[in-house]
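**Q** Here it is, the structure, as structure tokens.
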Amino acid sequence: MVAALLVRAYTGRLERPIGLRQVPLSTGRALQKWKVRPNIERESKIDHFPFGDPLLTNNDGPTIANEESFTFQKIQKIFDVEENRKTLSNAEKRGDIPEAVRTSGNHRKWFISQLPMIGQHYGFMQAPDSPKVAVIYSKKGGVFKTSIALNMARMAALHNIKVLVVGLDDQTDITSALGHDFGLDDDMSVEEADKILDEELSLADLIDDDDDDDLTVRDLICKTDLPTLDYIPEVPELDFLEQEIQKTNLRDLWLIKNVIAPLKNEYQLFVLDLGPAWNMLTVNALMASNILISPIECKINNYRNLKFFRKKIEKFVKNTSSSFSHVFIPVKANDKKKLNRGIKKKYQQSGDCVSTCIPVSGQVEDAMAMKKSVVEFAPSSTVSTVMKQTIKEIWHEVLESPDNPFIEMPHYQRKSSENSATI
Ligand SMILES: Nc1ncnc2c1ncn2[C@@H]1O[C@H](COP(=O)(O)OP(=O)(O)O)[C@@H](O)[C@H]1O
Ligand SMILES: [Mg+2]
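Per this note's numbering, the very first residue in the sequence shown carries number 5; after that it's consecutive.
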């Protein structure tokens, strides 16, 4: 049924004039029509077309002309599919996976928006039973936090897991890496650009008392080329938000109350990307988390700081009565240097690190510039294999992570509200 409808939809779309539209990525108020629609509409859309309704995408998503497509070999590499081509074509005939389009040489290709259904059947990431919040944080900049957040979010979304990325760094790196287009161009006047930037909505608008329009967190959500991946963009006003949160009576639970709790039935994974500063946004993110993921460089200074960082997190957990897993990802080992090798080994033996180490790689950087995970961008590369292995290990920890005691808490009441003063 699904496959049949898809064929009709795609055939229809192929007959349209090609290439008239660019990949639609939300640009604030101007393009709000592309933002997530209310729950009911969205639910019905998901029921029938878990990988996005192609009939609707004419007004609401990528067109066939500009949507990326993937061969069987590429899909096999992305998801580590062991089954052979025949298995996939049988699954296609049964309607278990969406029907591919045939190229002129009768080769099959699947569009990126169809990949989540294939990932769900043949991939390596299983959906969690309850929504999980993964926070990417370490006290150092440039250690691939945002890159790991992007790779994990895209890979989960490619496995048909509904993902919301919440950018919490005023440097706005993950927002750019997700392809956010602020709608600016070089031919604009500064005044025009200012106006557009002023109208850009963000979490800071949720707390702004002066603004009495009925803004909800759903109005902030933007869509990507993947039907299963949405995000809340970052703006420099996050700094304002950070200060304002301190004045609210919830303080450390503001993010749970205003973002996670209202959306917890719509998303299965929240990825929170933070900057290196330890501030009220960090505290809020940790209070909301099931798991903290910290990349760590294989260098002597990081190695020295690790002990204090672990202690800081342990103290935080104790003072706030929170509970979340903490896992480290070694990055940037230079295997030519004995000290680097030794540090990597120490990390890997420590029990709270993954067994891999993400290397410095131009392919990861290029993938990020192309708004992709390295697994999609260079599926045959060594670094793609390392990234997949890292994500597999992290994902195991995500699935095993404890429930968050605050998310279900009625009215967000705590035993002691002094806690936040000590963190
Ligand atoms: N594996 C990698 N190898 C080389 N450069 C990378 C890699 N991952 C990310 N980068 C680049 O390194 C810079 C810092 O990475 P980023 O993920 O933004 O770090 P952080 O969020 O910790 O500050 C960015 O320019 C990014 O494109
Ligand atoms: Mg970053």
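The C-beta atom is built at its ideal place from N, Cα and C for all residues, glycine as well.
Looking at C-beta atoms only, is the number of pairs between the region 89–96 and the region 128–135 that lie closer than 8 angstroms three or more?
**A** With a cut-off of 8 angstroms on Cβ pairs, the region 89–96 is not in contact with the region 128–135, counting fewer than three such pairs.
**Q** Going by DSSP in three states, residue 171 sits in which element: helix, strand or coil?
**A** Three-state result, residue 171: strand.
**Q** Evaluate the contact criterion for the region 277–290 versus the region 135–150: three or more CB pairs, one atom per stretch, below 8 angstroms.
**A** yes
**Q** Tell me the start and end of each unbroken alpha helix (DSSP H) in the region 67–115 that is at least 4 residues and wholly inside, in chain order.
**A** 76–83 and 89–98
**Q** Taking C-alpha atoms, which residue in 165, 87, 368 and 172 lies nearest to residue 402?
**A** Residue 402 has its Cα closest to that of 165, out of 165, 87, 368 and 172.
**Q** Residues bridged to residue 331 by DSSP?
**A** 297
**Q** Whose C-alpha, out of 200, 362 and 304, is nearest the C-alpha of residue 342?
**A** Closest option to residue 342, Cα to Cα, is 304.
**Q** Is the distance from the Cβ of residue 155 to the Cβ of residue 391 below 8 angstroms?
**A** yes
**Q** Please work out which residues of its chain come closer than 6 angstroms, Cβ to Cβ, to residue 306, disregarding the five sequence neighbours upstream and downstream, and give them in chain order.
**A** 300
**Q** Near residue 328, what residues of its chain come up, given a Cβ to Cβ distance below 6 angstroms and the 5 sequence neighbours on each side ignored?
**A** 293, 294, 295 and 296
**Q** Go to residue 186, then tell me how far its alpha helix (DSSP H) extends in each direction, as first and last residue.
**A** It is not in any alpha helix (DSSP H) - residue 186 carries neither H nor E in the DSSP assignment.
**Q** Does the region 403–413 come close enough to the region 270–278 to have 3 or more Cβ pairs within less than 8 angstroms?
**A** no
**Q** For residue 279, verify whether its CB is less than 7 angstroms away from any heavy atom of ligand 2.
**A** Result yes, Cβ under 7 angstroms from ligand 2.
**Q** Report the CB separation of residue 1 from residue 243 in whole angstroms; it is logged as a contact under 8 angstroms.
**A** Because the chain here runs from 5 to 427, residue 1 falls outside it and cannot be looked at.
**Q** Using the Cα positions of residue 225 and residue 212, report the straight-line distance between them to the nearest angstrom.
**A** 17 angstroms
**Q** For residue 273, write down the residues that DSSP places opposite it in a beta bridge.
**A** Looking at the DSSP output, residue 273 shares a beta bridge with 136 and 167.
**Q** What are the boundary residues of the beta strand (DSSP E) that residue 234 is part of?
**A** 233–236
**Q** Residue 366 lies in the alpha helix (DSSP H); which residues open and close that run?
**A** 366–373
**Q** Closest to residue 380 by CA distance: which of 101, 157, 272 and 100 is it?
**A** 157
**Q** Which residues in the same chain as residue 252 place their Cβ atom closer than 6 angstroms to its Cβ, once the five residues preceding and following it in sequence are excluded?
**A** Correct list, in chain order: 258.
**Q** Applying the criterion that 16 or more other CB atoms from any shown protein chain within 10 Å of the CB defines a buried residue, is residue 187 buried or exposed?
**A** buried
**Q** With a threshold of 7 angstroms, establish whether the CB of residue 148 neighbours any heavy atom of ligand 1.
**A** Checking every heavy atom of ligand 1 against the Cβ of residue 148, one is found closer than 7 angstroms.
**Q** Mapping DSSP to helix, strand and coil, what is residue 205?
**A** Residue 205: coil per DSSP, three-state reduction.
**Q** Could you round the C-beta distance between residue 112 and residue 76 to whole angstroms and report it? I think they count as a contact, below 8 angstroms.
**A** Distance from residue 112 to residue 76 at the Cβ level is roughly 6 angstroms; contact confirmed, criterion being Cβ atoms closer than 8 angstroms.
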